[in-house]
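Student: Below: one structure in structure tokens.
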Amino acid sequence: MKTIKLGIVGQRTEYCFHSLILRALSSVTNQTDLHKVHSLIVVSGQHQSTFFCGKLISKYSQFKDPVSSLSIFRINSPTHNVYLWNTIIRAMTHNGLWSKALDFYTQMRKLNVKPDNYTFPSIINSCGSLLDLEMVKIVHNDVLEMGFGSDLYICNALIDMYSRMNELGRAREVFDKMPSRDVVSWNSLVSGYSANGYWEEALEAFREGRLSGVAADAFTVSSVLPACGGLMEVEQGQMVHGLVEKSGIKGDIAVSNGLLSMYFKFERLLDCQRIFDEMIFRDIVTWNIIICGFSHSGLYQESIKLFREMVYEYEPDLLTVTSVLQACGHMGDLRFGRYVHDYILENRYECDTTACNIIINMYARCGDLVAARQVFDNMKRWDLVSWNSMISGYFENGFNKEAVVLLKMMRIDLQPDSVTFVTLLSMCTMLMDVDFARELHCDIIKRGYDSTLIVGNALLDVYAKCGKMEHSVWQFEIMSTRDIVTWNTVIAACSHYEESYVGLKMLSRMRMEGIMPDVATILGSLPLCSLLAAKRQGKELHGFIIRLNLESQVPVGNALIEMYSKTGSLKNAILVFEHMRIKDVVTWTAMISAYGMYGEGKKALRSFQQMKETGTVPDHIVFVAVIYACSHSGLVQDGRACFNQMRKKYNIEPRIEHYACMVDLLSRSGLLVEAEDFILSMPLQPDASMWGSLLSACRASGDTGTAECVVERLVELNSDDPGYNVLASNVYASLGKWDQVRTIRKSLKARGLRKDPGCSWIEICNRVFIFGTGDRSFQQFKQVNELIEDLNRTMDKEGYVADLKFVLHDVGEDEKINLLYGHSERLAIAFGLLNTKEGSPLQVMKNLRVCGDCHTWTKYVSKIVQREILVRDANRFHLFKDGTCSCRDRWIGAVVDFRRDAKLLRTSVSGQGYFKFLAVDHHVLDV
DNA sequence: CTAGGGTTAG
């Protein structure tokens, strides 16, 4: 200040002073200093100078003080030249006062001040930020009229502006017409595509730029990285990463952040870790990316930990707190969620719609709908996400009424979108409300959302889960695009409805379309293999499991054990079991029931013992498996002990399926009186399955007296299950009481009930051959029949006598023997013998139980031809070897599989489902 | 004149 008082005389002094102020201006770092320099200029009488005014306007705008910029501009109004106009326009634009900037542009045009090439970039920027298409037209026109159409800076600004307005066509047009382009032109184009989600185009422009010889800089890279991430183009992303490593832009924060963000999208957490560690400079964006990235990868604890770590160094911004709130929501950590929300309120963060949506979601996930609603009600503006989040929050927490009310309110100012419909459809699935789903479906079609993938998937799911398989299949077929979720949904539905053949067909169709299975596919498909005994597909899925590194997942291992045990390979089931490092109660149950199916009761019991020793607490289902295993191996004492232990030691009240197992156990062991006493003394109402078990046992042991009493009990129950009716009818038939047989058959017919026809199938060279009872229509019928007759002659000599009590028709003796020949398992076995190498083992599947005579017959065959024959019937496996069977002739049992009642063993075979493909196909299936 | 980070649903 003192220097000024010394007096300023003459040109030279003035000049010195001029440069002094200039130097002072450029070294100003805060607003206070700026005010000092400003006073200096005023005191020195230089405040009329256009040059200093411009400088001051820019400086004030740098320090976010547009008011001062404006007042300086106004004071100087007489001397306005284009330079000053440009400065004020730039200042306004810089401070986000875009309409003010445009006002000044209009004013200067009115005053006939001619804009120059420095005027337009700011003006264009303001138009773009305001999304004012009218103004854009005027300005673009002015640019062309004044001959700036080829100006590099102006064109770059135009590209950027059109990009912001999502007018990529126009952006491209400007770009293409440019006589010469620099790296900014390319960057503006790439970032325009990228920011608007045109990822393929962004990558394409990036490649074009590289080909035309423009060296990519930090801007280029950080614009193209989101495109790589969005497209999940891992290799492309790594290529860009390589470029970064080679060039000098490695230390750029935005570039590193872009890489981090991309690798999070690829879920390559190790790469993220490495990039993060290598970063010398990090900023708040870096932290936000990793907090958000961890949260999206399901590492919610880590995300919260990082947040706590970060707040020591940085003050979190809106994006930080919303990122950590997502983690809170997923963890259900209401306490921390509230704490963060309070922090937001206390520090007066300006929450935009997205931030509010995230807070609503956090509260909804934590079940605090009151808090969620409060945030919702206090929002300034709502978008579709707000409504959808609030509505699905209500549904998820069972507030259906509130959700519906909100839905109606929503329709007043916004139309539902695909996500709204998906939310509503999944609610229908939850409530099994197929009528509402149909209504929604109409609305969906009206609004044209039926072609949307996620809506299609939701429709598929709701129809399948509500039992409308035809609707579901129809929906599937009309979908124009399908993704992995589509396939998984349809496969899971097939699995649920035991449409195993259709399910496996779907799996192979999916593979044909080049889609790789994931965990959900595998968990949906393995039960299909179990049902159909599709060995090859099962093994193929095991291959995928290994390739996808899913072996360590417990549910996958469990499904594998079940698959191998049900497709005939106890050995592989054991191998999988032994390789599992973590075993849960389902694992043990699967292994125990596998042993049970193969008649390895002792091993089943040993497994059960081991399970208890390793600390796994038994549940009610594992007891079903244990008693089942005992019953199939004749371990009456052990079975009884388990049954008693269940209540006494584990406090598990026996359910109907446990009683059924016990009746089966006693019946199979020939303890008919005890079985009857057991049924009569149990606290629950006996159902048809119990009398059925007992009756089968009576039949097998030839105890006609008891059978006659029991069959009456069974008939009294008047079960709708065709299996028990047929059993009763069979007993009457074997007693020769044909009148009763006819009565039952009539009543079955009247009620429209029919038993599945028997069928057997065998897989040879990856093809499945199916045989129905008395089937004559297959190609090799003649040879098969001859072979059967041949075998019968041989076994007759060895003492085989056909047991005609298994023929349940009122016909003559000869005819009865003929009927036995036609049993489907015999056809399948003979067909197998004809078409496979001598000495090789055979595996035959049957949808119903093997009949007693066929069981004996197969034992003879295994001895005559010296082959192992593995037969899976509705109940278990029978391994025939040299005249004996692994079931030790305990094949008798309930006609209908009682294990259906047990949840885990839901997928057991009962005969349903097979008939459907028999009707569709003939004898050969390509699965 | 150009760049990087946040929301719902199957």
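Residues in the first sequence are numbered from 1 upward in steps of one, following the UniProt record's numbering.
Glycine included, each C-beta is placed from N, C-alpha and C at the ideal position.
Predicted model only: the values in this text are computed from it and were never measured.
1. Are the beta-carbon atoms of Ala594 and Leu560 separated by less than 8 Å?
2. What's the gap between the Cα of residue 994 and the Cα of Asp103?
3. Below 8 Å on the Cβ atoms is my guess for Val324 versus Phe307; work out the distance and round it to an integer in Å.
4. Does Arg872 pass the burial test, meaning 16 or more other C-beta atoms within 10 Å, or should it be called exposed?
5. Can you give the Cα-Cα distance for Leu20 and Ser69, rounded to whole angstroms?
6. What runs of the alpha helix (DSSP H), each 4 residues or longer, lie entirely inside the segment 72 to 103?
7. What residue range does the alpha helix (DSSP H) around Met161 cover?
8. Mapping DSSP to helix, strand and coil, what is Trp588?
9. Could you work out which residue in Ile290, Val861 and Phe281 is closest to Lys265 when comparing CA atoms only?
10. Could you check if Val375 is buried or exposed, using at least 16 other CB atoms within 10 Å of its CB as the buried criterion?
11. Determine the closest residue to Thr743 out of Ala590, Leu735 and Asn725, with distance taken between C-alpha atoms.
12. Going by DSSP, what residues sit across from Gln475 in a beta bridge?
13. Quick one: what's got a C-beta closer than 8 Å to Val113's C-beta in the same chain, skipping five residues either side?
14. Between Met178 and the rest of its own chain, which residues show a CB-CB distance below 6 Å, the 5 nearest in sequence each way excluded?
15. By the DSSP assignment, the beta strand (DSSP E) with residue 933 in it spans what residues?
16. Helix, strand or coil: which one does DSSP assign to Ile770?
17. Whole angstroms is fine: what's the gap from Val42's alpha carbon to Met161's?
18. Output yes or no for whether 8 Å exceeds the beta carbon distance between Gln553 and Val519.
19. Expressed to the nearest angstrom, what Euclidean distance is found between the alpha-carbon atoms of Val455 and Val485?
20. Comparing C-alpha positions only, which one of Gln783, Leu384 and Ala327 sits nearest to Cys366?
21. May I have the straight-line CA-CA distance separating Asp176 from His140, to the nearest angstrom?
22. Any idea if Gly503 is buried or exposed, counting beta-carbon neighbours within 10 angstroms, 16 or more meaning buried?
23. Sorted by chain position, which residues of the same chain lie with C-beta nearer than 6 Å to Tyr349's C-beta, five sequence neighbours on each side aside?
24. Just to confirm the assignment, what range does the alpha helix (DSSP H) spanning Leu334 have?
25. On the three-state DSSP scale, how would you describe Lys55?
26. Using a threshold of 8 Å, state whether the C-beta atoms of Ala828 and Asn847 are closer than that.
27. Should Tyr449 and Phe421 be called a contact, given that it needs their Cβ atoms to be closer than 8 Å?
28. Does the distance from the C-beta atom of Ala218 to that of Asp252 stay below 8 Å?
29. Bridge partners for His878 per DSSP, in chain order?
30. According to DSSP, is Gln843 helix, strand or coil?
31. Suppose the cutoff is 6 Å on Cβ atoms and the five residues either side in sequence are ignored; what does the same chain contact list for Met432 look like?
32. Could you pull out every residue in the same chain whose Cβ sits closer than 6 Å to the Cβ of Leu748, ignoring the five residues on either side in sequence?
33. Got a sec? Which residues, its chain only, sit under 6 Å from Cys356 by beta carbon, not counting five neighbours each side?
34. Quick check on the DSSP output: the alpha helix (DSSP H) that includes Leu460 runs from which residue to which?
35. Pick from Cys428, Ser426, Val385 and Leu425: whose alpha carbon is nearest that of Met410?
36. Using three-state DSSP, classify Thr481 as helix, strand or coil.
Tutor: Well, looking at it:
1. In the first sequence, counting from the first residue as 1, residue 594 sits at position 594. In the first sequence, counting from the first residue as 1, residue 560 sits at position 560. Contact check for Ala594 against Leu560 fails: the beta carbons are separated by 8 Å or more.
2. There is simply no residue 994 to check, as the chain begins at 1 and stops at 927 in what is shown.
3. For the purposes of this step, residue 324 is taken as residue 324 along the first sequence, with counting starting at 1. For the purposes of this step, residue 307 is taken as residue 307 along the first sequence, with counting starting at 1. So it is a contact: roughly 4 Å between Cβ atoms.
4. For the purposes of this step, residue 872 is taken as the residue at position 872 of the first sequence. By the neighbour-count rule (16 or more Cβ atoms within 10 Å), Arg872 is buried.
5. In the first sequence, residue 20 corresponds to position 20, counting from 1. In the first sequence, residue 69 corresponds to position 69, counting from 1. One C-alpha to the other measures close to 22 Å.
6. As for any alpha helix (DSSP H) of minimum length 4 sitting wholly inside the segment 72 to 103, the runs are 82 to 94, ordered along the chain.
7. Translated into the one-based positions of the first sequence, residue 161 becomes position 161. Unbroken alpha helix (DSSP H) run through Met161: Leu152 to Arg164.
8. Here residue 588 is taken as the residue at index 588 of the first sequence, counted from 1. Reduced to three states, the DSSP call for Trp588 is helix.
9. One-based indexing of the first sequence puts residue 265 at position 265. With respect to the C-alpha of Lys265, the residue from Ile290, Val861 and Phe281 having the closest C-alpha is Ile290.
10. Position 375 of the first sequence holds residue 375. Its Cβ being crowded by 16 or more others within 10 Å, Val375 is buried.
11. The residue labelled residue 743 in the question sits at position 743 within the first sequence. By alpha-carbon distance to Thr743, the top candidate from Ala590, Leu735 and Asn725 is Asn725.
12. As a working mapping, residue 475 is identified with position 475 in the first sequence. For Gln475, no pairing in a beta bridge is given by DSSP.
13. Taking the first sequence and counting its residues from 1, one reaches residue 113 at position 113. Taking C-beta separations shorter than 8 Å and ignoring five residues to either side along the sequence, the partners of Val113 in its chain run His80, Asn81, Val82 and Trp85, following chain order.
14. Taking the first residue of the first sequence as 1, we reach residue 178 at position 178. Cys155, listed in sequence order.
15. Outside the displayed span of the chain (1 to 927) sits residue 933, for which this structure offers no information.
16. Reading the first sequence from its first residue, position 770 is the one you call residue 770. In the structure shown, Ile770 sits in a strand (DSSP, three-state: E or B).
17. Counting from one through the first sequence, the residue named residue 42 turns up at place 42. Counting from one through the first sequence, the residue named residue 161 turns up at place 161. Straight-line spacing of the CA atoms in Val42 and Met161 works out to 38 Å.
18. In the first sequence, the residue the question calls residue 553 occupies position 553. In the first sequence, the residue the question calls residue 519 occupies position 519. Yes, they are a contact pair.
19. On the first sequence, position 455 is the one that residue 455 refers to. On the first sequence, position 485 is the one that residue 485 refers to. Across the structure, Val455 and Val485 are spaced so that their CA atoms are roughly 11 Å apart.
20. For the purposes of this step, residue 366 is taken as residue 366 along the first sequence, with counting starting at 1. Out of Gln783, Leu384 and Ala327, Ala327 has the C-alpha closest to the C-alpha of Cys366.
21. The count along the first sequence starts at 1 and reaches residue 176 at position 176. The count along the first sequence starts at 1 and reaches residue 140 at position 140. In this structure, the straight-line span from the alpha carbon of Asp176 to that of His140 is close to 16 Å.
22. The residue given as residue 503 occupies position 503 in the first sequence. Answer is buried; the Cβ neighbour count reaches 16.
23. Reading the first sequence from its first residue, position 349 is the one you call residue 349. Once the five neighbours on either side are set aside, the close Cβ partners of Tyr349 are Leu318.
24. Mapped onto the first sequence, residue 334 falls at position 334. Per DSSP, Leu334 belongs to the alpha helix (DSSP H) from Leu334 to Glu346.
25. The sequence position of residue 55 within the first sequence is 55, counting from 1. Note: Lys55 maps to helix in three-state DSSP.
26. Along the first sequence, read from residue 1 onward, the residue named residue 828 stands at position 828. Along the first sequence, read from residue 1 onward, the residue named residue 847 stands at position 847. The answer is no: Cβ separation not under 8 Å.
27. As a working note, residue 449 is residue 449 in the first sequence. As a working note, residue 421 is residue 421 in the first sequence. Yes, Cβ-Cβ distance for Tyr449 and Phe421 is below 8 Å.
28. Against the first sequence, residue 218 aligns to sequence position 218. Against the first sequence, residue 252 aligns to sequence position 252. Against a cut-off of 8 Å, the Cβ pair of Asp252 and Ala218 comes out as a contact.
29. What you label residue 878 is simply residue 878 of the first sequence in a count that begins at 1. The secondary-structure analysis by DSSP pairs His878 across a beta bridge with Val871.
30. Along the first sequence, read from residue 1 onward, the residue named residue 843 stands at position 843. In the structure shown, Gln843 sits in a strand (DSSP, three-state: E or B).
31. Here residue 432 is taken as the residue at index 432 of the first sequence, counted from 1. Exclusion of the five residues before and after Met432 leaves Cys466 as the residues of its chain whose Cβ lies within less than 6 Å of its Cβ.
32. Taking the first residue of the first sequence as position 1, residue 748 is located at position 748. Taken in chain order, the residues that qualify are Asn725.
33. As a first step, residue 356 must be located in the first sequence, where it is residue number 356. Here the set comprises Val375 and Met379.
34. Taking the first residue of the first sequence as position 1, residue 460 is located at position 460. For Leu460, the enclosing alpha helix (DSSP H) starts and ends at Leu453 to Lys465.
35. One-based indexing of the first sequence puts residue 410 at position 410. Comparing Cα-Cα distances from Met410 to each of Cys428, Ser426, Val385 and Leu425, the minimum goes to Val385.
36. Here residue 481 refers to the residue found at position 481 of the first sequence. It is coil, neither helix nor strand.
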